[in-house]
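In our numbering, the protein residues as written are 47 to 338. Beta carbons: idealized from backbone N, C-alpha and C, even for Gly. Here is the structure we will look at, set down as structure tokens.
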Ligand code: SF4
């Protein structure tokens, strides 16, 4: 849940989720629709699908135990190099570090070397004896993540409080490496077209959309803002912005009242919907509900 999502957002979801599914076995018995409903509002729904798929594999093939090798962990859906290393350290207390942006920044600063010039895996392997000298490997994995978030922060590192400040080359250097990469977030323009049933207060959604985000989830018709001829049969409702999966979207929302919809669409009630509806689509519900 914490991947790409802040702790304060996750806490209520985590509590509700772990109250509902108290064991791997109970989680392994649910279907995808049910887990998506529990995940509703958290976004990045692929995580929920992967969690369910991994749980089923763990219960059926691993006797409900997490594998304790990198190669076996990486066979589970959604678990890559980073998560596998974090799990080995946190769960099995193995001497390993999950190398993310925070860890890279700490090492790069300490050596005052550009990240692109450091082979982090080799560096950790060569210094294993020193790095894991306390034997508290799980604590170390956690500590280095916290250290990057709280002390050796992306901007304004707190060098005066840092336990490494006597030997840190970044601090001593007069030509410090640059570590803050300003990633430009591209704004993408979309037109969204909603078929609405006035009498039943319903909206037509389809899972056959080809948009890169929310692929195969319930959405109205979405087009990149290009095809102007499309607009003539539709009424413009409003323009609004939305952020999803590291993308900023500029949306023009259109609608039309109709009873007939393409075969790949289904009607959904705008209120009291019992199906899983992603937050992105729920925002559209909110906008078009004002028309009723
Ligand atoms: S002294 Fe400053 S730059 Fe060096 S590791 Fe500590 S916080 Fe980071």
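I'd like the list of long-range same chain contacts for residue i, defined as Cβ closer than 6 Å, with 5 residues on each side in sequence excluded.
{"i": "residue 241", "result": "250, 304, 307"}
{"i": "residue 87", "result": "325"}
{"i": "residue 96", "result": "123, 124"}
{"i": "residue 257", "result": "268"}
{"i": "residue 73", "result": "67, 101"}
Using the Cβ count rule (16 or more neighbours within 10 Å means buried), how would you classify residue i?
{"i": "residue 321", "result": "exposed"}
{"i": "residue 330", "result": "buried"}
{"i": "residue 155", "result": "buried"}
{"i": "residue 266", "result": "buried"}
{"i": "residue 338", "result": "exposed"}
{"i": "residue 52", "result": "exposed"}
{"i": "residue 323", "result": "buried"}
{"i": "residue 239", "result": "buried"}
{"i": "residue 334", "result": "buried"}
{"i": "residue 7", "result": "Summary: the structure shown does not reach residue 7, with the chain confined to residues 47 through 338, and so no result is reported for it."}
{"i": "residue 57", "result": "exposed"}
{"i": "residue 327", "result": "buried"}
Give me, in chain order, the residues of the same chain whose beta-carbon lies closer than 7 Å to that of residue i; leave out the 5 immediate sequence neighbours on both sides.
{"i": "residue 169", "result": "153"}
{"i": "residue 253", "result": "262, 263, 264"}
{"i": "residue 66", "result": "84"}
{"i": "residue 184", "result": "135, 136, 139"}
{"i": "residue 59", "result": "47, 88"}
{"i": "residue 63", "result": "84"}
{"i": "residue 70", "result": "101, 104, 105, 110"}
{"i": "residue 207", "result": "197"}
Which residues in the same chain have their Cβ closer than 8 Å to the Cβ of residue i, if we skip the five residues on either side of it in sequence?
{"i": "residue 144", "result": "128, 129, 131, 132, 135, 187, 191"}
{"i": "residue 277", "result": "237, 300"}
{"i": "residue 285", "result": "296, 297, 298, 299"}
{"i": "residue 151", "result": "161, 194, 198, 200, 225"}
{"i": "residue 243", "result": "249, 250, 303, 304, 305, 313"}
{"i": "residue 231", "result": "292, 293, 294"}
{"i": "residue 149", "result": "143, 166, 190, 191, 194"}
{"i": "residue 80", "result": "none"}
{"i": "residue 119", "result": "112, 113, 125, 129, 130, 133, 134"}
Kindly examine ligand 1 and report whether one of its heavy atoms sits closer than 7 Å to the Cβ of residue i.
{"i": "residue 156", "result": "yes"}
{"i": "residue 211", "result": "yes"}
{"i": "residue 20", "result": "The chain is shown only over 47 to 338; residue 20 falls outside these bounds and no answer can be derived."}
{"i": "residue 197", "result": "yes"}
{"i": "residue 205", "result": "yes"}
{"i": "residue 268", "result": "no"}
{"i": "residue 208", "result": "yes"}
{"i": "residue 297", "result": "no"}
{"i": "residue 190", "result": "no"}
{"i": "residue 125", "result": "no"}
{"i": "residue 152", "result": "yes"}
Assign residue i to one of three DSSP states: helix, strand, or coil.
{"i": "residue 164", "result": "coil"}
{"i": "residue 280", "result": "coil"}
{"i": "residue 290", "result": "strand"}
{"i": "residue 338", "result": "coil"}
{"i": "residue 309", "result": "coil"}
{"i": "residue 48", "result": "coil"}
{"i": "residue 76", "result": "coil"}
{"i": "residue 266", "result": "coil"}
{"i": "residue 170", "result": "helix"}
{"i": "residue 205", "result": "helix"}
{"i": "residue 185", "result": "helix"}
{"i": "residue 251", "result": "strand"}
{"i": "residue 114", "result": "coil"}
{"i": "residue 109", "result": "coil"}
{"i": "residue 324", "result": "coil"}
{"i": "residue 303", "result": "strand"}
{"i": "residue 96", "result": "helix"}
{"i": "residue 315", "result": "strand"}
{"i": "residue 178", "result": "coil"}
Between residue i and ligand 2, is the CB less than 7 Å from at least one heavy atom?
{"i": "residue 105", "result": "Questions concerning ligand 2 fall outside what the structure shown contains, since the ligands it does hold are ligand 1."}
Problem - Three CB pairs or more closer than 8 Å across the segment 164-181 and the segment 209-229 - result: no
Practice task
Check whether the segment 87-103 touches the segment 113-126, counting contact only when three or more Cβ pairs, one atom from each stretch, lie closer than 8 Å.
Solution key: yes
Practice task
Take every Cβ of the segment 106-114, pair it with every Cβ of the segment 82-91, and state whether three or more of those distances are shorter than 8 Å.
Solution key: no
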